[in-house]
Structures are given as structure tokens and as C-alpha cells.
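Please read the structure below before turning to the comments.
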Amino acid sequence: MHLYQDQELKIYNSLNGKKEVFTPLNEGHIGMYVCGPTVYSNVHLGNCRTFMSFDMIFRYFRHLGYKVRYVRNITDAGHLVDDAEDGEDKIAKKARLEKLEPMEVVQRYTVDFHTILQKFNFLPPSIEPTATGHIIEQIEIIKDILEKGYAYEINDSVYFDVSKFNEDHEYGKLSGRKLEDMIANTRELTAQDEKKSPQDFALWKKAEPQHIMRWPSPWGDGFPGWHLECTAMSTKYLGETFDIHGGGMDLKFPHHECEIAQAEACNGHSPVNYWMHANMLTLNGKKMAKSTGNSILPGEIFSGNNALLSKAFSPSVVRFFMLQAHYTSILDLSNDALLASEKGFNRLMDGLKILKNLDTAKSSDFDVPAWKKKCYEAMNDDFNTPILIAQLFEAVKHINAIKEGRENISLEDKNELQTTMNAFVFDVLGLEDKNDNEGDTDTLSSVVELLIQLRKEARDNKDFATSDKIRDQLAAVGIQLKDGKEGTTFSVS
RNA sequence: GGCAUCGUGGCCGAGUGGCUAGGCGCAGCUCUGCAAAAGCUUGUACAGCGGUUCGAAUCCGCUCGAUGCCUCCA
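Letter 107 of the first sequence, counting from 1, is numbered 917 in our numbering, and no numbers are missing.
Encoded structure:
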């Protein structure tokens, strides 16, 4: 009945480094939590890649018929800037610099985040909770951890006691680290650190008088620690144990490791069945990061307004570019790679258009059911979008052959092909055909059609000077004429 | 220094113990008044050195190189 019932989906689980058959806790339902952005500046393209990977995964689950509760948070408090000594909140710091209220900063960049994701055609998550909206839940968790003896209070701050936790649990199992090694490798230079051990992490930090973002708590005015919000919100909306927890590779340690520790300290068992980590988007071979300035903003790609780019690229092209790599691989951004993706993307879209008007025959030379099966196999093998896309191009090849009369397709196969292509291209990959959503297209096309008509007359009269002038002038304003067998068409770049 | 990942043809990027991934570029062809666009055809690559094996780019070891994490980070 549902597609997922006859598919065996495998997911690479970062927790054990193995591809495992995915079985949700409750049949037909999936709980998925993904760490969202810290909204203290504009989202850069690297951030988008992680969220895009999970958007694709969310879309595929839905395509298979699962009911998914997809929670992606907004971090609007709790991240310390610089070292613990400074102890200033990232949001608060930015607010001071820009003379804004902290929540004004949060609002501005949350809006930016949503705007960009919308351009990329992201599906909204089921719930998008904020850290500041869950202070009470976070305080409750701290109390619980304190009660169970895995945390200690000192100078109005509360820290998680990693060594204590490691006595009866395994700290470091996600990132493959051993606490003894970590201790052995720590430099003993953090002199006035109030923590018992450098590995301990803050659950609650005391707010200094000048600190703007602060909340009352049993330990005095302060703010929650780095890793607590995700534990609080994932537990609240998905339960003590849920199916999938995702995020960027760079969050694996310490963030996700600490989440596991917090949840295990509270509930005594691991919170997540499948950990998924999306790999980094690099620029010039280096990780994109706001802090180092090695980053590119989505807006710069859409406008072409960046020294690295020779032209503007549409959101769908960028999306296509990213999905041509597997989500667990590092992907390097370059102008050449985007250019190549744009060509490929157009080829795919053209194929889709040709498919609509294809003539059918009694039999098929293209084994559509076998092809369809390969598409699903690709996606069921840990969401292998590059292989899926290769299969889509395989289909385009056949579509072109059918169009040119070198192959045939039956009506039944054509419908099957069209349904499957549309499902994967638009529903699962989330691509959009840019050429069918502009309002003034009708006016434009009638004007261009007129010019095409005039050019045809000139050509018929062998007045090539005039015909070439029309062609070249149109090209200069970005309208390319395409002379085909059945007349001339055009495309706007 | 520790932990982890990776090194594939001109570029991007899959995959894998023996069977053409794919996209782009280049070249050739078709089409065209000429172009462009489009379509077709074409590439035996897997860092280096050893080892295991009938057979490895794929497994093991070492060397070299790159990246990520170890501090906020998608």
C-alpha cells in the first residue's frame, strides 16, 4: 500500500560507521531532529548544504509514504563566543556591535534564513522551535541531571561532570574518542577555569551584570549551555528515543556527543537510533565558515555578485549541483563546477519537456520498470542522489532517442516514465523549472515570436544581414534563439 | 600531538574484489545560409610503494598529500 512497505532503505549510521537497514520505532512514522542554524548572521551556502541534504531526505521519506515529524530548531541563544573566560553570548555580542536588541538580531537573521531556504525550495519542517522558547524545559533537564549526580554547581553555574558520567556510560562513542586520550591530550593551561575538568561542559552559565540575554533559574540569573537546547527540544517533541538525529559533520563533536551524554544521564538510554551527518561544503578546498570569512552567501550566487563567479546561478542549479554529490562527501564549490551543473540541469529540464509531447508506439525499446527500480535502489542505498541523477540522465538519453525516432515507447511506459521522473526530479530532489513561473512571460514571448517571424522572413529572402542582426541583438539581451527542424524557439538566460 | 575522513581520467563527482556510473569540457559527426542551440559518438582513470588473491582502483600495511574535529560552527 505504501511505498516504504516494499523498499528496504539503508542508512549510514555515524554511531557505528555502518550502513544499516532502517526500521522506524513506530511503523509508518519517523521522528527526525536536525540541528538548525545559530541566527547571528546571514546563512551561508555551507549551512544550506546541510539543510538541503536533510530536506532531500525528508522529501524521500514522504515520497515513500512515511509520516514524518521533522524538527529543526533555531538557535537564538546559548552559544558562547571565543573562550569560556570571555563568556559572551554570540547573539548578545552581535547585538552590541550593531546596537540592536538581541531579539532584533534573532528576528533579522531568522527571516533571512527562511527567505533563502524558500528560494531553494525547501519544505518547511514540521516544528521549528527556538532555544529561548524552551528555557523552562532546559532548566528541568539540568535539575534532573543534577539529581542523578552527573553535574555539579559552582559559582552559580552548572557543569556536566564528564568523568562521572564516563564511569557508568561511554563518553565519546559517537566521535570515536576515549576520555582518557582526551584528558591526556589536554594542555594544562586554562588556569582560572572553574570547571573540574576541561572536558566538562556548561549546562547553565551565570550571567555577568552586563550580559543582556539572561533568565532566572534556581542557580541565579544566567543562560543555558551550548548543548542543552537540542536535548530539550528533541525530547519534548520526539520523545526520549527517536529515529533520526542529523546535523553537520562539524557538530559531531562535541555538540552531539554532549547531547548523547545529557540524554543518557537523564533517561539512562541512548536518545537516537540513527545518527546522520552531512558533510561540509568547501570553498577553495577549505571549510566554509562565517568566522574565517571563507564563505559565500546564497544571494551572491543568485546575483553573480562575487569575484569567484563568472555569472549568476539559479537556486535550482545550485541545488542540483549539491545533490550531484553524496551528502556524506565533502563537496568543493567552484565556478567551473557550477557551470557544468547548470548545463546538466538544463539538459535534464529539456528532457522533461520533450517527454511530455513524446509520440507513443505499441511497444517499448526502453525498459521503464527496470529503470524505475534502479532509481529506487539508488535512493534506498543511503540516499545516493548522484546515482539517481545518473539514472535520470539515462532516461533523458532514451527520451531523446524516442524523439528522434530511433526508439519507441508505449503509452503505458511513457506515463510511468513521466510519473517517475516528475516524482524524483520535483518531489524528491526538490528542483524547479525556472522557466514556468514568470508573470510577464506571455508578453515577452509574443514580442520575441514577432521578431522570430521577422527574422524568418528575412532569411527566406536571403537577407542574412537582417536575420543575423535580430539574432545577435536578442542574444545581447540574453534571449537565445534556437533553430530547430520544426521552427525557431527561444530561451531566456 | 590525538581522533576521524579522504586522495578516481582536463574539471566536478559515483562506485566497487573480475561486468561502460553520470555531468561538464575537448574532439568528431548530424542539423544550419553561417553560427548558436540541440542531438549522437568517443575516454580503460582510480596518490606512491609493498602484501593478500586466480584476479584489486576496491582488502591489509607503510609512505606522501589534503581536509575536518579536538574552541563557537551546518
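Glycine residues also receive a C-beta, built at the ideal position from the N, C-alpha and C atoms. Please read all numbers here as calculations on a predicted model, not as lab measurements.
- By the C-beta density criterion, T1230 is buried, having at least 16 other C-beta atoms within 10 angstroms.
- In this structure Q817 does not touch N1083 by the C-beta definition: roughly 18 Å separates them, more than the 8 Å allowed.
- Annotated three-state conformation of E830 is strand, per DSSP.
- I964: member of the beta strand (DSSP E) spanning A961 to I964, first to last residue.
- When DSSP reads this structure, N852 sits in no beta bridge, so it has no partner.
- Within the same chain, Cβ atoms closer than 6 Å to the Cβ of R859 are found at L1091 and M1132, the five residues on either side in sequence being excluded.
- In the DSSP assignment, the residues bridged to M842 are Y880 and I1054.
- Counting along the chain, F970 sits inside the beta strand (DSSP E) bounded by residues S967 to F970.
- Counting C-beta pairs closer than 8 Å gives fewer than three between the region 1105-1115 and the region 1049-1067, which falls short of the contact rule.
- As the crow flies, the alpha-carbon of I1022 is around 48 Å from that of F1234.
- Under the DSSP assignment, P1196 falls in the alpha helix (DSSP H) whose first and last residues are T1195 to K1213.
- Between A1122 and E1214, the alpha-carbon positions lie close to 33 Å from each other.
- Minimum Cα-Cα distance from K1207 among the listed residues D922, K1005, D1160 and L989 corresponds to D1160.
- For L1013, the three-state secondary structure derived from DSSP is strand.
- Between P1081 and L855, the gap from beta carbon to beta carbon reaches 8 Å or more.
- Of all alpha-carbon atoms in Y822, L874 and L927, the one lying nearest the alpha-carbon of V831 is that of Y822.
- Here the alpha carbons of Y960 and M842 stand approximately 27 Å from one another.
- Counting only the Cα atoms, K900 lies some 21 Å from S1027.
- Straight across, the Cα-Cα distance linking R1216 with N1210 is about 9 Å.
- Beta bridge pairing from DSSP links Q1290 with S1301.
- With respect to the C-alpha of H944, the residue from K1295, D886, F975 and Y1186 having the closest C-alpha is D886.
- In this structure, K1005 is the residue among I993, M992, E947 and K1005 with its C-alpha nearest to the C-alpha of D971.
- Judged by DSSP secondary structure, V1235 falls outside any alpha helix (DSSP H); it is assigned neither H nor E.
- The beta carbons of P935 and Y1047 sit no closer together than 8 Å.
- DSSP places Y822 in the strand class (E or B) of the three-state scheme.
- Annotated as distal: D978 and G1240, with beta-carbon spacing of 8 Å or more.
- The DSSP-derived three-state label of H1079 is coil.
- Residue environment analysis places V1127 among the buried positions, since at least 16 neighbouring C-beta atoms fall within 10 angstroms of its C-beta.
- Segment contact: the region 1092-1106 against the region 1134-1143, three or more CB-CB distances shorter than 8 Å; contact assigned.
- Only residues of its own chain outside the window of five on either side were considered, and among them I1219, S1220, L1221 and K1224 have a CB closer than 7 Å to the CB of T1170, listed in chain order.
- In the DSSP assignment, G1032 falls within the unbroken beta strand (DSSP E) covering G1032 to P1034.
- Counting other Cβ atoms within 10 Å of its Cβ, S1174 reaches 16 or more and is therefore classed as buried.
- Here A1171 carries a strand assignment [DSSP, helix/strand/coil].
- Beta-bridge analysis with DSSP links I951 to no other residue.
- Within the model, the alpha-carbon separation for G1032 versus V1302 is close to 56 Å.
- By the beta-carbon neighbour count (other beta carbons within 10 angstroms, threshold 16), V1257 is exposed.
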